[in-house]
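Colleague: With the first letter of the sequence shown counted as 1, position 3 gets the number 3 in the UniProt record's numbering; the numbers rise by one all the way through.
Glycine included, each C-beta is placed from N, C-alpha and C at the ideal position.
Keep in mind it's a predicted model, so treat the numbers as computed, not measured.
Below you will find the structure I want to go over with you.
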Amino acid sequence: MRYTVALTGGIGSGKSTVADAFADLGITVIDADIIARQMVEPGQPALNAIAEHFGSELIAADGTLRRRALRERIFSHPGRKSLA
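If you want it as structure tokens, here you go:
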């Protein structure tokens, strides 16, 4: 029988510790944080969509996402969270 387990919780709640324990047992772990970071690497379509929606000034000179600036922009305009 195959199971799927989702680890959720707040910052510092132990998600990474449990995920590491699963990995040590040979269990496949899919880390959504890693996937989310890969999606906004330079040249990725998601990064371009963020720049189009929130402004090109959120992209640093080296092409990376200015995460702090994006966070500030989102929390100062909560209605703009959605790209849809």
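Expressed to the nearest angstrom, what Euclidean distance is found between the alpha-carbon atoms of L65 and L25?
Modeller: If I take the Cα positions, the gap works out to 35 Å.
Colleague: So, is F75 buried or exposed, given that buried needs 16 or more other C-beta atoms within 10 angstroms?
Modeller: By the 10 Å Cβ count, F75 comes out exposed.
Colleague: Name the DSSP beta bridge partners of I59, please?
Modeller: Beta-bridge pairing links I59 to L65.
Colleague: According to the neighbour-count rule (16 or more other Cβ atoms, all chains shown, within 10 Å of its Cβ), is I35 buried or exposed?
Modeller: Exposed is the call here.
Colleague: For A60, which residues of its own chain have a beta-carbon under 8 Å away from its beta-carbon, when the five flanking residues on both sides are left out?
Modeller: R66, listed in sequence order.
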